[in-house]
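J.: Take any residue in the sequence shown, note its place counting from 1, add 7, and you have its number in the working numbering.
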Amino acid sequence: MILRHPLSILIANIYLTGRSGTEIVTRELAFALMRAGHRPIVYAPELGPIAQEIRARGIPVTDDISTIAAEVDIIHGNHTQVTAIAAARFPNAPIVYFTHDFVAWHSAPPL
């Protein structure tokens, strides 16, 4: 299936406070989605320098999911807790979940 319209894609990450793996993945994914013509939105409860870099490219970033007024077409989740919060806020959006770590509690795949 080829989509002919831009998608609104919510990227959920546990934090954007430093320069760890998922923070870089979140930033680069948001940039790539925007270049491809989509509308990324980034949600992370804790923000920092990476959030500022993403915002500088015109991509919305929030630490409060209730402030996202637009519906999202899909949720890209990097951590269980924030993905569950996003799923509760947007119950009709399909979810793509990525497990980046099998040790950290916040990266455990949902059951």
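The C-beta atom is built at its ideal place from N, Cα and C for all residues, glycine as well. All values reported here derive from a predicted model rather than from experimental measurement.
Tell me whether the beta-carbon of Val89 lies closer than 8 Å to the beta-carbon of Pro47.
T.: Mapped onto the sequence shown, residue 89 falls at position 82. Mapped onto the sequence shown, residue 47 falls at position 40. Taking 8 Å as the Cβ cut-off, Val89 and Pro47 do not qualify as a contacting pair.
J.: Using a Cβ-Cβ cut-off of 8 Å (strictly less than) and excluding sequence neighbours within five positions of Ile21, which residues of its own chain qualify?
T.: Position 14 of the sequence shown holds residue 21. Hits under 8 Å: Thr29, Ala51, Pro52, Glu53, Asn85, His86, Gln88, Val89, His113.
J.: What does the Cβ neighbour count give for Ala58, buried or exposed, with the cut at 16 atoms within 10 Å?
T.: As a first step, residue 58 is located in the sequence shown; it is residue number 51 there, counting from the start. Under this definition Ala58 is a buried residue.
J.: Can you look up Val89 in the DSSP assignment and give me helix, strand or coil?
T.: Numbered from its first residue, the sequence shown carries residue 89 at position 82. Val89: helix per DSSP, three-state reduction.
J.: Cβ of Asp80 within 8 Å of Cβ of Ile16?
T.: For the purposes of this step, residue 80 is identified with residue 73 of the sequence shown, where counting begins at 1. For the purposes of this step, residue 16 is identified with residue 9 of the sequence shown, where counting begins at 1. Yes. Within cutoff.
J.: My understanding is that Phe97 touches Ile82, with C-beta atoms under 8 Å, so please give their C-beta distance in whole angstroms.
T.: To locate residue 97, count along the sequence shown from 1; it is residue 90. To locate residue 82, count along the sequence shown from 1; it is residue 75. With a Cβ gap of about 6 Å, Phe97 and Ile82 count as contacting.
J.: In whole angstroms, give me the CA-to-CA distance for Arg64 and Phe38.
T.: For the purposes of this step, residue 64 is taken as residue 57 along the sequence shown, with counting starting at 1. For the purposes of this step, residue 38 is taken as residue 31 along the sequence shown, with counting starting at 1. So the alpha carbons of these two residues sit roughly 8 Å apart.
J.: Where Ala93 and Thr33 are concerned, what is the direct C-alpha to C-alpha distance, given to the nearest angstrom?
T.: Here residue 93 refers to the residue found at position 86 when the sequence shown is read from its first residue. Here residue 33 refers to the residue found at position 26 when the sequence shown is read from its first residue. If you take the alpha carbons of Ala93 and Thr33, they lie about 15 Å apart.
J.: If the criterion is Cβ atoms closer than 8 Å, does the pair Val68 and Ile61 meet it?
T.: Start at 1 with the first residue of the sequence shown, and residue 68 comes out as number 61. Start at 1 with the first residue of the sequence shown, and residue 61 comes out as number 54. In contact: Val68 and Ile61 (Cβ atoms closer than 8 Å).
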